[in-house]
Structure formats: structure tokens, C-alpha cells
Amino acid sequence: MITTQKQFTEIGLGFAIQSDPFQAGREAAQMAKSQLSQPTPHLVLAFGPDHFRFQDFMEGVRLVTGKDMLVGISTSRVLSQDIFSPQACVVVIINSNQCRFSTAWAHTEMDNTLAAITTLFSQLRETRGNIRSQFQHQNLFLFENRPPPEDPHLPHMIMTETGLESCFIKMNLQRALKSSLMCQNHILSEGLIAIECLSPTQWGFGAVEIEDFKNHPQIYREATRAAIRNALAHMDKPNPCLGFVLLNFQLDNLATDVLSPMFSSSHDIIQNVPLIGLASKGPFIRYPKNMINIQKESIVTILIPQ
Numbered sequence: 118m119i120t121t122q123k124q125f126t127e128i129g130l131g132f133a134i135q136s137d138p139f140q141a142g143r144e145a146a147q148m149a150k151s152q153l154s155q156p157t158p159h160l161v162l163a164f165g166p167d168h169f170r171f172q173d174f175m176e177g178v179r180l181v182t183g184k185d186m187l188v189g190i191s192t193s194r195v196l197s198q199d200i201f202s203p204q205a206c207v208v209v210i211i212n213s214n215q216c217r218f219s220t221a222w223a224h225t226e227m228d229n230t231l232a233a234i235t236t237l238f239s240q241l242r243e244t245r246g247n248i249r250s251q252f253q254h255q256n257l258f259l260f261e262n263r264p265p266p267e268d269p270h271l272p273h274m275i276m277t278e279t280g281l282e283s284c285f286i287k288m289n290l291q292r293a294l295k296s297s298l299m300c301q302n303h304i305l306s307e308g309l310i311a312i313e314c315l316s317p318t319q320w321g322f323g324a325v326e327i328e329d330f331k332n333h334p335q336i337y338r339e340a341t342r343a344a345i346r347n348a349l350a351h352m353d354k355p356n357p358c359l360g361f362v363l364l365n366f367q368l369d370n371l372a373t374d375v376l377s378p379m380f381s382s383s384h385d386i387i388q389n390v391p392l393i394g395l396a397s398k399g400p401f402i403r404y405p406k407n408m409i410n411i412q413k414e415s416i417v418t419i420l421i422p423q
């Protein structure tokens with residue numbers, strides 16, 4: 118008798134609001150891990166505010182999840198459906214038996230972007246081996262953490278490595294203080310982290326500019342809904358299990374009653390899908406037949422399929 122393994126992608130989402138960064142990291146990671154049926158994480162994303170002692174926060178997460186597939190990002194603000202406190206941190210754990218995740222990192226202190234990109238893709242190939250042809254889609258999420266000016270050639274260097282049929286998004290994080298990235302055990306004060314997802318289905322991307330409509334009272338809510346619809350339209354199957362909302366504008370002066378509808382109003386479009394909001398700067402999106410270099414204030418959504 119031939120048995121087939123059921124395909125699945127499951128998400129664990131944990132959060133904490135703690136003054137102690139180590140306890141916050143451990144509490145959020147434990148909450149996320151408790152929601153999963155598989156004990157070994159395939160990818161762990163830890164988001165914490167940049168005023169935290171970042172290494173202490175990440176040590177709390179690592180104690181629960183291990184370090185092998187751990188990526189940490191400190192940013193000025195991280196949001197979710199019910200989490201709007203500036204003190205909040207979020208841990209997302211993804212397990213999937215139909216996708217293959219790989220991570221890589223590179224320093225950029227010497228401002229040699231080409232060398233950093235070469236290092237990233239060498240690590241990715243070494244980690245995943247020669248399996249690219251077994252998957253229909255290559256999706257790449259690139260976090261950049263370095264002071265301006267940004268290298269305008271970076272997206273084209275990525276496209277040279279990934280090919281025209283791949284999808285990738287590059288984002289630089291808004292930060293109030295000098296913040297860090299972490300990949301496995303490597304702390305980067307200036308650098309790049311790449312997360313590659315080889316999958317049978319394509320991620321969804323959507324973007325809506327809001328700069329010319331900021332006086333409209335419902336612009337943030339409606340722009341988020343429109344960006345989610347755009348992202349769903351680009352997916353092979355409109356069945357996301359996780360979404361990221363990149364907030365490409367200043368959040369400092371926005372009250373909770375403005376931010377909350379951005380997340381709560383989307384339940385009629387995507388039900389029971391966790392949404393993570395990140396304060397970002399100038400994201401760049403490339404997917405087949407389209408390329409978007411976002412300079413104006415905007416809302417960008419990324420939907421990860423089941």
C-alpha cells in the first residue's frame with residue numbers, strides 16, 4: 118500500500134510585553150512553540166523593539182527554539198492584530214513539509230555590496246544543496262540594516278543571482294536607535310540577512326501608496342485592505358497562512374485607534390491569518406512580470422501560502 122504524506126504549513130505566533138528582554142524573548146517563543154504539532158522549527162523569526170538589549174532578547178528566544186533557523190530583527194515598532202504597544206515583541210515559528218527554508222548573512226561595514234551578495238548566495242547554496250530545480254518557486258526575503266545612502270544597485274545584483282522568475286522583497290528597517298540583526302549566532306550591526314523559501318506555490322505581494330491621501334480618515338485601513346487584495350491576486354492559490362504588513366511611513370504620531378483597524382478590518386478578506394506589521398523604509402519588490410521600487414509612503418503586504 119502506498120501512503121502519501123499530508124502537506125502542511127503551520128504557524129506559531131507568540132508575543133510578550135515585558136521590561137526584561139530575556140524574559141520577553143523566552144515568553145514569546147514559548148507561546149509560539151506551544152501552538153505547533155512539530156517540535157523542530159523550520160524557521161524562527163523574532164521581532165523586538167530596538168530599545169531592548171537585543172542580545173538578551175534573542176538569548177531568551179534561542180533558549181526555547183535553538184539557533185539553527187533563528188533570525189532576529191530589531192526595529193522601531195512591531196504590530197499584530199491585538200498587539201500595539203511600543204514595548205511588544207513577537208516571535209513567529211513556521212513549520213512546513215512542502216517548503217524548504219534557508220538563511221544566510223553577510224556584513225556590509227566595508228560597503229562592498231557585491232561581496233556581501235556573493236557571500237549570501239554562497240551560504241544559501243551550501244545550506245540547501247542542489248535542490249532548486251525540485252521547486253517551482255523561489256522566494257527571497259532580504260533584511261538590510263545599514264545607514265543611508267542605500268546602494269541603488271543592490272536589487273539588480275539580487276536579480277542576477279535569482280533569475281527573472283524568482284520573487285524577492287528587500288526592506289530596510291525603521292530604527293530609532295542603532296539596532297541589529299541576528300542570524301543563527303551572528304549579530305550584525307550593519308549587514309544583510311536573507312531568508313529563502315523554495316516552495317510549490319508563489320508568495321503574494323501587494324503595495325498601495327498613501328502619501329497623497331494621508332488626510333483621508335480611513336486611508337490606512339483601506340490601503341491595507343487593498344494591498345491584501347493585490348497580494349491575493351498574485352498567489353497561485355489564495356490560501357495564505359501568514360501575512361506581513363510593511364508600514365512605509367512614520368508611526369510615531371499614530372494612535373492605537375488608527376492602527377487597530379488596519380489589522381482587524383481584514384477578517385472578511387483573509388480569515389484566521391496572522392498579520393505582522395513592521396516599520397520599514399523604501400521596500401523593493403520583484404516578482405515575475407513586475408518590479409516595484411517604493412519611494413513614497415505606502416503599505417506593502419506579503420502573504421505566505423499554506
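Residue numbers (my numbering): 118 to 423. Idealized CB from N, CA, C, for every residue including glycine. If you're wondering where the values come from, they're calculated on a predicted model, not measured in any experiment.
Shortest Cα-Cα distance from residue 324 to any of 402, 130, 179 involves 402.
Annotation for residue 217: the continuous beta strand (DSSP E) segment containing it runs 217 to 224. Annotation note: the stretch 141 to 204 contains the following uninterrupted beta strand (DSSP E) runs of length 3 or greater, listed N- to C-terminal: 160 to 166, 187 to 192, 195 to 197. Linking residue 199 to residue 383 through their CA atoms gives a straight-line distance of about 13 Å. If the five residues before and after residue 165 are omitted, its C-beta is found closer than 6 Å to the C-beta atoms of 174, 191, 206, all from its own chain and listed in chain order.
In the three-state reduction of the DSSP assignment, residue 273 falls in the helix class, which pools H, G and I. For residue 307, the three-state secondary structure derived from DSSP is coil. Bridge partners of residue 255 according to DSSP: 315. The shortest C-alpha to C-alpha distance from residue 234 to any of 209, 182, 287 is the one to 287.
Within 10 angstroms of the beta-carbon of residue 338 lie 16 or more other beta-carbons, which makes it buried. Bridge partners of residue 379 according to DSSP: none are assigned.
Residue 387 sits in coil when the DSSP states are folded into three classes, being neither helix nor strand. The stretch 176 to 188 makes contact with the stretch 138 to 147, as at least three CB pairs between them are under 8 Å.
Residue 348 is positioned such that its CB atom lies closer than 9 Å to that of residue 357. The continuous beta strand (DSSP E) containing residue 324 extends over residues 321 to 326.
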